[in-house]
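Read the structure below first, then the notes.
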DNA sequence: GAGACGATTCGG
DNA sequence: CGAATCGTCTCT
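Numbering (the numbering used here), first residue to last: 98 to 375.
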């Protein structure tokens, strides 16, 4: 059947990509950490991204004017603990190249960390299933799932079953196209820019992120979706608070695993208590 | 194959 | 605050 064919095709390309990546990794391991070998076109970013993501790192990269998948963040960016990746993603730009070849792009302003077992909020809490498998794949793998007929997107981090949920973006490029994508779902409705991507499923609608197309994409290699640098976010502007809509997660309900940029208009929900405590 | 459920969204 | 709406999982 068609779905079976698709699935096996995807698995095939995934395993090839992971072989390529393993080669790159092993070359890293054998080189001095300060003079790491880096895939062509990634030099500036890779060197910088190996350092602390929350300190100054971006000035040089802003000069980059040619955007392509080869500029995507490399494995070392994603291969870090989930909570750290959730912070590091704030301020970075998510780029989706549409079927028409158009860049749909927004800056990440809100994330949540899901840690895998024993995090009762995580889809991966009880272990690997067909549905959540992407959470267990290499750091930098997209995990897209369906919820109430919508999609949400995560990025796998270091740690078994750990991934970062993208909860909100600030739209940056080709906003009219994003509006059209939202309007497919709710025809006639108008959207202000800050209302386009202020929720995990809204950002998927706006960037045409679907499970079919994006789940299990390797964001270090994909030509459909990847990350680019944006403005530096100062650590003291990051609000650290409880996650949203996980009331079933028992003692994990109150753990501070959500992160957002204070004062950004595109954040889905403010936590005034957490902000007061800053 | 029926039934339940959900890391959401929208409209009233 | 309740309904929508649908893929996935868990039984029967």
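Quick reminder that beta carbons are idealized off the backbone N, C-alpha and C, glycines included.
Within 8 Å, strictly: CB atoms of residue i and residue j
i: residue 184; j: residue 345; result: no
i: residue 203; j: residue 190; result: yes
i: residue 231; j: residue 258; result: no
i: residue 262; j: residue 209; result: yes
i: residue 358; j: residue 241; result: no
i: residue 221; j: residue 236; result: no
i: residue 296; j: residue 334; result: no
i: residue 255; j: residue 178; result: yes
i: residue 193; j: residue 321; result: yes
i: residue 318; j: residue 234; result: no
i: residue 195; j: residue 249; result: no
i: residue 291; j: residue 362; result: yes
i: residue 188; j: residue 325; result: no
Which of helix, strand or coil DSSP assigns to residue i
i: residue 214; result: coil
i: residue 328; result: coil
i: residue 303; result: helix
i: residue 287; result: coil
i: residue 179; result: helix
i: residue 222; result: coil
i: residue 228; result: coil
i: residue 253; result: strand
i: residue 260; result: strand
Identity of the residues DSSP links to residue i by a beta bridge
i: residue 192; result: 202, 323
i: residue 247; result: 244
i: residue 315; result: 238
i: residue 343; result: Partner(s): none; residue 343 has no beta bridge.
i: residue 353; result: 339
i: residue 265; result: 207
i: residue 270; result: 202
Distance, residue j Cα to residue i Cα
i: residue 439; j: residue 176; result: In this structure the chain extends from 98 to 375, so residue 439 is not present and cannot be described.
i: residue 267; j: residue 364; result: 8 Å
i: residue 348; j: residue 170; result: 34 Å
i: residue 239; j: residue 309; result: 12 Å
i: residue 366; j: residue 306; result: 22 Å
i: residue 369; j: residue 180; result: 21 Å
i: residue 350; j: residue 279; result: 30 Å
i: residue 275; j: residue 282; result: 12 Å
i: residue 197; j: residue 173; result: 30 Å
i: residue 373; j: residue 186; result: 23 Å
i: residue 272; j: residue 287; result: 12 Å
i: residue 284; j: residue 269; result: 22 Å
i: residue 371; j: residue 338; result: 6 Å
i: residue 213; j: residue 277; result: 35 Å
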